[in-house]
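These protein sequences, in sequence, are chains A and B.
Reminder that position 29 of the first sequence reads as 75 in my numbering, one-by-one numbering, no gaps.
Reminder that position 4 of the second sequence reads as 1055 in my numbering, one-by-one numbering, no gaps.
Read the structure below first, then the notes.
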Amino acid sequence: MDTPNLKDFVQRIHPLNEVELTAFCSGWQPLTVKRKTILTAAGETERYLYFVNEGIQRAFYLGDDNKEATIVFTYPPSFSGVADSFLTQTPSLYFLETITASSLLRISYDQVQQLQQQYAGIQQLIFKATAFALKGALQRHIELQCFSNEEKFKTLLKRSPHILNLIPHKYIASYLGMDATNFSKLINTVSI
Amino acid sequence: MKTINSSNLLENLMEQTREIILQAEHLKKMPLEALEKKPSKEKWSVAQILEHLNIYCRYYLNEIENKLHHNQTTATTNFSPGWLGNYFTRLMQPENSGLIKKKMKSPSNAQPANVPAAKEMLDEFIRHQYRLLNLLQIARQHDLNKNRIPISINKWITLKLGDTFRFVTAHQQRHFIQIHNTTELVKTCQLKKLQFAE
């Protein structure tokens, strides 16, 4: 199967040699799903590492007030899946669903394990991808705890300006930890 | 009869089961009294609906697990639904509009208790859903056509494994529409009472 986006993406995280790259890209299965499809339920252990070719996904946690708190978005080109559940093989605390119709590739945990054991480069690749994900998660933790709404909004626009047109605003508001009305005020007042 | 790609079928059923888990998790956040309240004398409470679904899960998931465990088969690319499987699934399936076509009476062996405990029923139900997800995953390595499961009301009538999964899932979807309607009814009942008290 031809996987050009995946190859480009991987080479930018950690360049693999030709043998490693071929081995890494060969085990993936395509999966096309409609919008609003739950890929992983809370309580389930993530079986797959996904790669997003098309579409947007979000992870959300179901709070006690029955509100869904959006934790993270994924969009092409990037990995997706419940990363912490996948890496630890313990049940996920939250749901992963598609926001729009999505075209994905996926590979199973066992296959990734095997590849990592066999190829040092792939081991490095997974380590780096995990390290960047951890860095991103902690950075966001700082933003959520210390930034004002306006700062959060501006940081998001700097990092991923395109998502404003792609993702329903209620999800972005939740992702930034503010209510939808405050968010729409920001859109109207903050000069971009 | 039209055949379905086996792996797509299992994938779809897993997606539907996860959707049911999300809805069940929403119920977990509701007050238990609301789940145990009957909207009217002849209507079931949410807890009763859940017990009814649990009765089905207890029977069918055990049967499926035993079949998968004892009969080694190999996966086939396609699954051809049986006529009975199609009939039962269509009978249960909600319409695209999300409405239930016609009301049915549950068989006497699947009648819930009068006041089942909501928390126990809900926890048990969610446990069954994870088990169902696992069985759907295991079924990827099996022939969905060959294994046959006797239906709960008559052991001489059997459904293909693939049809059993379809039926169980459609049955749950049907009753989750009923659960949604019931919680709405219970909410309006409470509102009316509050207004009356004022």
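In this text, a Cβ means the ideal position worked out from N, Cα and C, and glycines have one as well.
Residues that Asp110(A) contacts on chain B, provided the C-beta gap is smaller than 8 Å
Lys1080
| task | Please say whether Leu1212(B) and Ile1202(B) have beta carbons closer to each other than 8 Å? | result | no
- prompt: In chain order, what residues of the same chain lie with their CB nearer than 8 Å to the CB of Ile1228(B), ignoring the 5 residues before and after it?
  reply: Pro1145, Gly1149, Leu1150 and Ile1151, listed in sequence order.
Counting only the same chain and skipping the five closest in sequence on each side, list residues whose C-beta sits under 6 Å from that of Ile1230(B). Beyond the five residues adjoining it in sequence on each side, Ile1230(B) comes within less than 6 Å, by CB distance, of Val1097 and Ile1100 in the same chain, given in chain order.
Determine the extent of the beta strand (DSSP E) in which Pro76(A) is found, giving its start and end residues.
-> Gln75 to Val79
So His1077(B) contacts chain A; which residues on that side make the cut at Cβ distance below 8 Å?
Per Cβ cutoff of 8 Å: Leu108 and Asn112.
request  = Return helix, strand or coil for Lys204(A), following the three-state DSSP convention.
outcome  = helix
task: Compute the Euclidean distance between the alpha carbons of Lys1243(B) and Leu1236(B), then round it to the nearest angstrom.
output: 11 Å
>> Would you say Glu1084(B) lies against chain A (beta-carbon separation less than 8 Å)?
In response: no
Going residue by residue through the region 77-155 of chain A, where are the continuous alpha helix (DSSP H) segments of at least 4 residues, counting only ones entirely within it?
129-134
>> Going by the DSSP bridge assignment, what does Asn1205(B) pair with across the sheet?
In response: Ile1202(B)
Self-check item: Integer Cβ distance of Lys1079(B) from Leu1184(B), believed to fall under 8 Å
Solution: So it is not a contact: roughly 18 Å between Cβ atoms.
Just the Cα atoms here: how many angstroms apart are Leu67(A) and Phe125(A)? 16 Å
Q) Roughly how many angstroms lie between the CA atoms of Asn1063(B) and Ala1190(B), to the nearest whole one? A) If you take the alpha carbons of Asn1063(B) and Ala1190(B), they lie about 13 Å apart.
Discussion item. Would Ala88(A) pass as an interface residue toward chain B - the criterion being a Cβ-Cβ separation below 8 Å?
Written reply: yes
* Name the DSSP beta bridge partners of Ile1055(B), please? -> Phe1130(B)
Problem set entry | Nearest neighbour of Pro1158(B), chosen from Lys1053(B), Thr1054(B) and His1103(B) [CA to CA] | His1103(B)
Comparing C-alpha positions only, which one of Lys82(A), Gly182(A) and Cys192(A) sits nearest to Phe141(A)?
Lys82(A)
Since Ile218(A) meets chain B, which of its residues come closer than 9 Å, beta carbon to beta carbon?
Per Cβ cutoff of 9 Å: no residues; Ile218(A) is ~21 Å from chain B at best.
- Item | Range of the contiguous alpha helix (DSSP H) that encloses Lys1170(B) | Ala1169 to Ile1189
Considering Cα atoms alone, identify which of Thr227(A), Phe193(A), Gly127(A) and Arg104(A) is closest to Ile213(A).
Arg104(A)
Would you list, in chain order, the members of the region 140-159 of chain A that have their beta-carbon closer than 8 Å to a beta-carbon of chain B? When C-beta distances to chain B are compared with 8 Å, the residues of the region 140-159 of chain A below that value are Phe141, in chain order.
Q. How about Thr86(A) and Gln135(A): do their beta carbons lie closer than 8 Å?
A. Not closer than 8 Å, so no.
| Is Ile84(A) close to chain B, meaning its C-beta is less than 8 Å from at least one C-beta of that chain? | yes
Let me confirm a value: Met1155(B) is counted as buried when at least 16 other C-beta atoms fall within 10 Å, else exposed. Which label applies?
The residue is exposed, with fewer than 16 neighbouring Cβ atoms inside 10 Å.
- Message: With a threshold of 8 Å between beta carbons, is Tyr1107(B) in contact with chain A?
- Response: no
By the 7 Å beta-carbon criterion, what residues does the region 1154-1186 of chain B contribute toward chain C?
In summary, chain C is missing from the structure at hand, where the protein chains are A and B.
Q.
Residues of chain A with CB closer than 7 Å to the CB of Arg1069(B), please, in chain order.
A. Within chain A, the residues Ile84 and Ala87 have their CB atoms less than 7 Å from the CB of Arg1069(B), given in chain order.
query: Using the beta-carbon of each residue, which ones in chain A are nearer than 8 Å to Leu1104(B)?
result: One finds nothing in chain A with a Cβ atom closer than 8 Å to the Cβ of Leu1104(B); even the nearest lies about 17 Å away.
Check your understanding: For Lys1211(B), which residues does DSSP report across the bridge?
Key -> Under DSSP, the beta-bridge partners assigned to Lys1211(B) are Arg1199(B).
Discussion item. For chain A, check one thing: does any of its Cβ atoms lie closer than 8 Å to the Cβ of Leu1073(B)?
Written reply: yes
- Nearest-angstrom Cα separation, counted from Ser138(A) out to Val128(A): Roughly 7 Å between the two C-alpha positions.
Interfacial residues, the region 1053-1067 of chain B to chain A, with Cβ spacing under 7 Å:
Of all residues in the region 1053-1067 of chain B, Glu1066 have a Cβ within less than 7 Å of some Cβ in chain A.
*Shortest alpha-carbon distance to Pro1163(B) belongs to which of Glu1076(B), Arg1217(B) and Glu1093(B)?*
Minimum Cα distance to Pro1163(B) is reached at Glu1093(B).
- Under 8 Å, do Glu1070(B) and Ile84(A) count as touching if we go by C-beta distance? Yes, they are a contact pair.
| Host alpha helix (DSSP H) of Asp54(A) (start-end) | Its alpha helix (DSSP H) spans residues Pro50 to Ile59.
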